[in-house]
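J.: Please see the structure below; I have some questions.
There are 2 protein chains.
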Amino acid sequence: KKQYAVIGIGRFGESLIRELVRMGHEVLAIDTDESRVQDIADIATQAVQADSMDDKVLRALDITSFDAVIVAIGEDIEASILTSLTLKDMGVRKTIAKAQNHMHGKVLAKIGVDIVVHPERDMAIRLARTLVSNSIIEHIDLSADYGIWELVTPRTLVGKNLQNSGLRPKLGINILAIKTGDSIEVSPPPEHVINKDDILVVIGPTRSLEKLNEMD
Amino acid sequence: KKQYAVIGIGRFGESLIRELVRMGHEVLAIDTDESRVQDIADIATQAVQADSMDDKVLRALDITSFDAVIVAIGEDIEASILTSLTLKDMGVRKTIAKAQNHMHGKVLAKIGVDIVVHPERDMAIRLARTLVSNSIIEHIDLSADYGIWELVTPRTLVGKNLQNSGLRPKLGINILAIKTGDSIEVSPPPEHVINKDDILVVIGPTRSLEKLNEMD
Ligand SMILES: Nc1ncnc2c1ncn2[C@@H]1O[C@H](COP(=O)(O)OP(=O)(O)OP(=O)(O)O)[C@@H](O)[C@H]1O
Ligand SMILES: Nc1ncnc2c1ncn2[C@@H]1O[C@H](COP(=O)(O)OP(=O)(O)OP(=O)(O)O)[C@@H](O)[C@H]1O
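As given, the protein sequences belong to chains Y and C, one line each in that order. Counting from 1 along the first sequence, just add 7 to a position and that's the residue number in our numbering. Counting from 1 along the second sequence, just add 7 to a position and that's the residue number in our numbering.
And the structure:
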């Protein structure tokens with residue numbers, strides 16, 4: 008069971024508090040806005056109205072005893088930076104901060120914040136990819152050159168089995184799993200036939216995966 | 008080359024515009040705030056000051072000709088919902104909208120928005136998982152029972168090779184790739200030795216992956 012402090016109960020801060028509590032951990036929620044403190048009081052382990060730029064308050068809250076402190080302050084970039092700096096100076100074990108924009112993110116990294124998150128930017132980038140090639144459902148970039156993709160079966164593969172699809176010899180792509188409706192076949196055998204609307208989970212060089220995606 | 012319209016040039020809207028343009032597509036940016044329109048004018052294909060709730064304006068902009076329209080309005084939930092409804096009524100091909108909270112998301116889904124995004128909430132959930140079990144770097148949930156995880160090598164596996172690790176017979180887990188520093192070995196052979204600080208990419212039943220993660 009871990010202990011976290013979340014400063015700033017905006018959309019990001021609130022969702023973080025809820026998820027950490029749901030996972031069974033203790034969370035202290037801090038905000039200058041009394042109404043936001045009240046709204047989270049039933050959910051957070053402890054909810055306190057305070058200004059995070061005040062290091063006396065942070066000491067009184069024993070802020071260095073937490074496994075991690077997350078600065079989820081948004082529009083007030085100065086408050087976000089000053090708070091992060093104060094936490095680092097006090098020797099907080101792990102500091103995470105949300106960045107408003109590129110510049111803000113760079114400053115946070117420079118002052119030693121352990122993890123800088125850009126929720127809106129990262130989600131926008133993911134959405135852009137979904138919009139442009141909506142056949143890719145999920146992916147992990149293993150490196151600059153390799154990836155694992157979950158994608159809708161390209162039309163040219165419908166009705167083929169793993170053997171005659173030629174994916175491994177021609178593209179160096181391995182099919183890790185095939186989802187048909189709600190069921191999933193992990194490590195499917197060579198004779199398994201690929202159906203229309205199946206979802207393929209494949210691993211291989213990213214260039215090959217892009218070629219596969221265009222085989223539609 | 009596709010054409011998109013983004014309504015609302017906040018952090019999410021702006022990042023989306025930048026990424027779609029970077030990927031080579033045309034983007035019309037719309038906002039009531041003149042300064043935000045000015046700031047994005049060099050980047051967007053076209054940038055217009057307008058109120059998206061005004062359907063005459065949307066018609067003048069030929070809004071139904073776009074591949075997708077993204078409503079990236081934040082705090083003004085009413086404007087977000089009204090705009091989305093107007094776009095659906097006008098027959099826009101694909102409508103995406105950003106939700107401020109759970110309720111807002113439900114309403115957007117009910118009025119037929121094709122994709123509802125919760126950037127802050129989704130990023131908060133991802134961060135929560137990273138904070139709690141920071142050995143898991145990335146993952147794809149293939150289904151409720153299977154997953155692909157990228158994780159830091161558990162201590163008990165250091166110095167073992169794939170064969171004597173016993174992962175497949177004991178846990179039904181397959182090692183898809185091993186990253187050592189900057190290099191990656193995809194489909195490693197049975198005699199490949201796992202080193203401290205290697206990153207393993209594994210597939211298997213989620214329950215087994217959780218057991219593996221705890222072998223530290
Ligand atoms: N110095 C401070 N100490 C404590 N809380 C603060 C401080 N400054 C701002 N906050 C709080 O941080 C919260 C989040 O800030 P704000 O709403 O500006 O961010 P946001 O980026 O729009 O949030 P989100 O995108 O997560 O919804 C607010 O509830 C605000 O009261
Ligand atoms: N009716 C409208 N028509 C066009 N633009 C609008 C309308 N209402 C709001 N906007 C614009 O939407 C943009 C984003 O809204 P806002 O800043 O409230 O959202 P936000 O959720 O804080 O954004 P983000 O989290 O993406 O930074 C603003 O620039 C605002 O001017």
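Think of the CB as a built atom: it goes at the ideal place given N, C-alpha and C, for glycine as much as any other residue.
Taking only beta-carbon positions, decide if Y:S142 is within less than 8 Å of chain C.
T.: By this cut-off, Y:S142 is not an interface position.
J.: Could you tell me the distance, in whole angstroms, from the CA atom of Y:V28 to the CA atom of Y:I50?
T.: Rounded to the nearest angstrom, the two C-alpha atoms are 7 Å apart.
J.: Where does the unbroken alpha helix (DSSP H) through C:N181 begin, and where does it stop?
T.: Segment N181 to T187 is the beta strand (DSSP E) holding C:N181; no alpha helix (DSSP H) there.
J.: Beta-carbon separation of Y:V76 and Y:K105 under 8 Å?
T.: Their beta carbons are not under 8 Å apart, which means Y:V76 does not touch Y:K105 by this criterion.
J.: Can you name the residues of chain C whose CB is closer than 8 Å to the CB of Y:I126?
T.: With the sequence shown as reference, residue 126 of chain Y is identified as Pro, and Ile is not the correct amino acid for it. Those are P126, E127, D129, M130 and A131, listed as they occur along chain C.
J.: Does any residue of chain C bring its CB to less than 8 Å from the CB of Y:F19?
T.: It does; some Cβ of chain C falls within 8 Å.
J.: Is C:H199 helix, strand or coil by DSSP?
T.: Correct three-state label for C:H199: coil.
J.: For C:E145, go through chain Y and note every residue whose CB falls closer than 7 Å to its CB, in chain order.
T.: Those are I147, listed as they occur along chain Y.
J.: According to DSSP, which residues form a beta bridge with Y:T102?
T.: In DSSP, Y:T102 forms a bridge with Y:V76.
J.: Whole angstroms is fine: what's the gap from C:K177's alpha carbon to Y:G211's?
T.: Cα to Cα, the separation comes out at about 26 Å.
J.: Taking only heavy atoms of ligand 2 into account, decide whether any of them is closer than 7 Å to the Cβ of C:T160.
T.: C:T160 Cβ: outside cutoff for every heavy atom of ligand 2.
J.: One question on the structure: do C:R270 and C:I143 come within less than 8 Å of each other, judged by their Cβ atoms?
T.: Residue 270 of chain C cannot be examined here, being either before or after the span of chain C that is shown, 8 to 223.
J.: Using a Cβ-Cβ distance cut-off of 8 Å, determine whether Y:I210 contacts chain C.
T.: Chain C contact via Cβ: present.
J.: Can you check which of these residues, Y:E26, Y:K203 and Y:I88, is closest to Y:I103 by C-alpha distance?
T.: Per the Cα distances, Y:I88.
J.: When you compare the region 184-196 of chain Y with the region 17-34 of chain C, are there three or more beta-carbon pairs, one atom per stretch, that lie closer than 8 Å?
T.: The region 184-196 of chain Y vs the region 17-34 of chain C: no contact.
J.: Quick check: the Cα distance between C:I78 and Y:I37, rounded to an integer number of angstroms?
T.: A small fix is needed here, since residue 78 of chain C is Val in this sequence, not Ile. Answer to the nearest angstrom: the Cα atoms are 31 Å apart.
J.: Just to confirm, are Y:G173 and Y:V200 a CB contact at a threshold of 8 Å?
T.: No, these two residues do not count as a Cβ contact at 8 Å.
J.: From which residue to which residue does the alpha helix (DSSP H) around C:E85 run?
T.: Start and end: I84 to D96.
J.: Under three-state DSSP, which class holds C:A57?
T.: Three-state DSSP puts C:A57 in coil, outside helix and strand.
J.: Taking just the CA atoms, how far does Y:N168 sit from Y:G179?
T.: About 16 Å.
J.: Considering Cα atoms alone, identify which of Y:M97, Y:R162 and Y:K203 is closest to Y:E221.
T.: Ranking the options by Cα distance to Y:E221, first place goes to Y:R162.
J.: Among C:L23, C:T39 and C:Q10, which one has its Cα closest to the Cα of C:S72?
T.: Taking only the C-alpha atoms, the option nearest C:S72 is C:Q10.
J.: Looking at chain C, which residues of the region 89-107 of chain Y have a Cβ within less than 9 Å of any of its Cβ atoms?
T.: Within the region 89-107 of chain Y, the qualifying residues are K101, I103, K105 and Q107.
J.: Below 9 Å on C-beta distance, what does C:N181 contact in chain Y?
T.: Here the neighbours are L183, V193 and S194.
J.: Can you check the region 10-54 of chain Y for any beta strand (DSSP E) of at least 3 residues that lies completely inside it and give the ranges in chain order?
T.: Whole beta strand (DSSP E) segments, 3+ residues: 10-14 and 33-38.
J.: I'd like to confirm something about Y:E41: is its beta-carbon nearer than 7 Å to some heavy atom of ligand 1, or not?
T.: Answer for Y:E41: no, Cβ out of range of ligand 1.
J.: Among residues of its own chain, excluding the 5 on either side of C:V44, which ones have a beta-carbon nearer than 6 Å to its beta-carbon?
T.: Same-chain partners within the cutoff: D38, A54 and Q56.
J.: Tell me the rounded alpha-carbon separation between C:K113 and C:T90.
T.: Rounded to whole angstroms, C:K113 to C:T90 spans 15 Å at the Cα level.
J.: Consider the C-beta atom of Y:S87 and the heavy atoms of ligand 2; say whether any pair is separated by less than 7 Å.
T.: No, the beta carbon of Y:S87 sits no closer than 7 Å to any heavy atom of ligand 2.
J.: Is the closest heavy atom of ligand 2 to the C-beta of C:I80 under 7 Å?
T.: C:I80 Cβ: within cutoff of ligand 2.
J.: Just how far apart, CA to CA, sit Y:E192 and C:E217?
T.: Answer to the nearest angstrom: the Cα atoms are 20 Å apart.
J.: Under a three-way DSSP split, which group does C:P176 fall into?
T.: Three-state DSSP puts C:P176 in a helix.
J.: Assign C:L149 to one of three DSSP states: helix, strand, or coil.
T.: Here C:L149 sits in coil by DSSP.
J.: What number of angstroms, rounded off, separates the C-alpha of Y:N108 from the C-alpha of C:D46?
T.: Distance between the alpha carbons of Y:N108 and C:D46: 14 Å.
J.: How would you write the range of the beta strand (DSSP E) that C:L207 sits in, first residue to last?
T.: First-last of the beta strand (DSSP E) with C:L207: I206 to P212.
J.: Using a cut-off of 8 Å between C-beta atoms, extract the partners of Y:I80 located in chain C.
T.: Within chain C, no residue comes near Y:I80; the closest Cβ sits about 13 Å away, beyond 8 Å.
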